[in-house]
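Undergrad: Taking the numbering used here, the leading residue of the sequence shown gets 11, the next gets one more, and so forth.
All C-beta atoms, glycine included, are put in the ideal place defined by N, C-alpha and C.
These figures come from a predicted structure and were not determined experimentally.
The following block contains the structure, expressed as structure tokens.
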Amino acid sequence: MKKQFLTITSIMTMSINLAAHQDLFQTIEINRDRILVEEILTEAEQASLTPLDVLNSLAAGNERFVGNDLTARDHSFQVRESADSQFPKAIVLSCVDSRVPVEDVFDKGIGDIFVARVAGNFINDDILGSMEFATKVSGAKLILVLGHENCGAIHAAIDGAELGHITKMLENIMPAVEISTIANGPRSSKNRLLVHEVVENNVRNALQKIKKESSILSTMFEKGEIDIKGAVYDMDTGVVIFL
Ligand SMILES: [Zn+2]
Numbered sequence: 011m012k013k014q015f016l017t018i019t020s021i022m023t024m025s026i027n028l029a030a031h032q033d034l035f036q037t038i039e040i041n042r043d044r045i046l047v048e049e050i051l052t053e054a055e056q057a058s059l060t061p062l063d064v065l066n067s068l069a070a071g072n073e074r075f076v077g078n079d080l081t082a083r084d085h086s087f088q089v090r091e092s093a094d095s096q097f098p099k100a101i102v103l104s105c106v107d108s109r110v111p112v113e114d115v116f117d118k119g120i121g122d123i124f125v126a127r128v129a130g131n132f133i134n135d136d137i138l139g140s141m142e143f144a145t146k147v148s149g150a151k152l153i154l155v156l157g158h159e160n161c162g163a164i165h166a167a168i169d170g171a172e173l174g175h176i177t178k179m180l181e182n183i184m185p186a187v188e189i190s191t192i193a194n195g196p197r198s199s200k201n202r203l204l205v206h207e208v209v210e211n212n213v214r215n216a217l218q219k220i221k222k223e224s225s226i227l228s229t230m231f232e233k234g235e236i237d238i239k240g241a242v243y244d245m246d247t248g249v250v251i252f253l
């Protein structure tokens, strides 16, 4: 991906003149020098990437996120550049949790990645269809299932919560709860070790289900055209741990 820096220093000056309060008069200067302009991934650039390249790109982006060194992007420019087409490099399946900002977590911008989200990041036919679209139709090279610690959906599944449509939704997570038998202590969401075990097993179940239920994706995986990986996002540190 080609990157370039704007060379013109732009000083945005905002003055607030409070006639009635001269002591509060102030000038605020924001230096917008060196805002990064990142061009959108092209079809040729997407085609040249290997699944490992994409995985490394996500890992490097997460390092920048953890280091509070996110790329400053010109989103208006990116919106215009990507309006006619898209060639993202990966599809990430994440929970809906507001504390997991997927693009930021991997320091990615507009047009970089597809993101599918459902509470508890489980697989169903709609998610599989989205993954097939992202890879077979649109050329993405990596499927990443991203679970996270302190997941409310995982907590609810462990505790057997029942409410409206949530009850049926949690059935998708129950297989991970049932196979999680290593952690000692109570079978409740207060048991952090159990929650951690279920989070990881839920991601692994999703990976198995992708390969088992989608012949398109399993064939692409066997041919090395895509990789299918799992990871868990650590809420305390921002670190993504690949399984
Ligand atoms: Zn969650």
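Could you compute how far the alpha carbon of residue 196 sits from the alpha carbon of residue 123?
TA: What you label residue 196 is simply residue 186 of the sequence shown in a count that begins at 1. What you label residue 123 is simply residue 113 of the sequence shown in a count that begins at 1. Straight-line Cα distance between these residues: approximately 39 Å.
Undergrad: Compare the Cα-Cα distances from residue 77 to each of 161, 94, 54 and 115 and report the closest residue.
TA: Along the sequence shown, read from residue 1 onward, the residue named residue 77 stands at position 67. The candidate whose alpha carbon is nearest that of residue 77 is 115.
Undergrad: Examine ligand 1 and report whether any of its heavy atoms sits within less than 7 Å of the Cβ of residue 240.
TA: Position 230 of the sequence shown, counting from 1, holds the residue named residue 240. Flag unset: Cβ of residue 240 not near ligand 1.
Undergrad: Would DSSP call residue 180 helix, strand or coil?
TA: Numbered from 1 along the sequence shown, position 170 holds the residue referred to as residue 180. Helix.
Undergrad: Quick one: grab the DSSP three-state call for residue 133.
TA: Numbered from its first residue, the sequence shown carries residue 133 at position 123. Of the three classes helix, strand and coil, the one that applies to residue 133 here is coil, per DSSP.
Undergrad: Report the residue from 228, 164, 157 and 218 whose alpha carbon sits nearest the alpha carbon of residue 251.
TA: Translated into the one-based positions of the sequence shown, residue 251 becomes position 241. The candidate whose alpha carbon is nearest that of residue 251 is 157.
Undergrad: By the three-class DSSP mapping on this structure, what secondary structure does residue 214 have?
TA: Here the question's residue 214 lines up with position 204 in the sequence shown. In this structure, residue 214 counts as helix in the three-state DSSP scheme.
Undergrad: Does the distance from the CB of residue 223 to the CB of residue 138 come in under 8 Å?
TA: Residue mapping note: residue 223 aligns to position 213 of the sequence shown, counting from 1. Residue mapping note: residue 138 aligns to position 128 of the sequence shown, counting from 1. Yes, they are a contact pair.
Undergrad: What separation, rounded to the nearest whole angstrom, lies between the Cα atoms of residue 192 and residue 206?
TA: Counting from one through the sequence shown, the residue named residue 192 turns up at place 182. Counting from one through the sequence shown, the residue named residue 206 turns up at place 196. If I take the Cα positions, the gap works out to 11 Å.
Undergrad: Suppose contacts are defined by Cβ-Cβ distances below 8 Å. Is residue 120 in contact with residue 85 by that definition?
TA: Counted from its first residue, the sequence shown places residue 120 at position 110. Counted from its first residue, the sequence shown places residue 85 at position 75. The answer is yes: Cβ separation under 8 Å.
Undergrad: Buried or exposed: where does residue 159 fall if 16 or more other Cβ atoms within 10 Å of its Cβ makes it buried?
TA: Locating residue 159 in the sequence shown gives position 149, counting from the first residue. Result: buried.
Undergrad: Determine whether the beta carbon atoms of residue 75 and residue 117 lie at a separation below 8 Å.
TA: Taking the sequence shown and counting its residues from 1, the one referred to as residue 75 is at position 65. Taking the sequence shown and counting its residues from 1, the one referred to as residue 117 is at position 107. Their beta carbons are under 8 Å apart, which means residue 75 touches residue 117 by this criterion.
Undergrad: Considering residue 92, what are the terminal residues of the alpha helix (DSSP H) in which it resides?
TA: As a position in the sequence shown, residue 92 is number 82, starting the count at 1. Careful: residue 92 lies outside any alpha helix (DSSP H) and carries neither H nor E.
Undergrad: Please confirm if the region 222 to 236 is in contact with the region 167 to 175, defined as three or more CB-CB distances below 8 Å between the two stretches.
TA: With a cut-off of 8 Å, the region 167 to 175 and the region 222 to 236 do not count as touching, because too few Cβ pairs lie within range.
Undergrad: Throw me the rounded Cβ distance for the residue 236 and residue 61 pair, which I believe falls under 8 Å.
TA: By 1-based counting over the sequence shown, the position of residue 236 is 226. By 1-based counting over the sequence shown, the position of residue 61 is 51. Confirmed, Cβ separation roughly 6 Å.
Undergrad: Output the distance between the C-alpha atoms of residue 88 and residue 188, rounded to the nearest integer angstrom.
TA: One-based indexing of the sequence shown puts residue 88 at position 78. One-based indexing of the sequence shown puts residue 188 at position 178. Cα to Cα, residue 88 sits roughly 45 Å from residue 188.
Undergrad: If you count every other CB in all the chains shown that lies within 10 Å of the CB of residue 72, and 16 or more means buried, which is it?
TA: On the sequence shown, residue 72 is found 62 positions in, with the first residue counted as 1. So residue 72 counts as buried.
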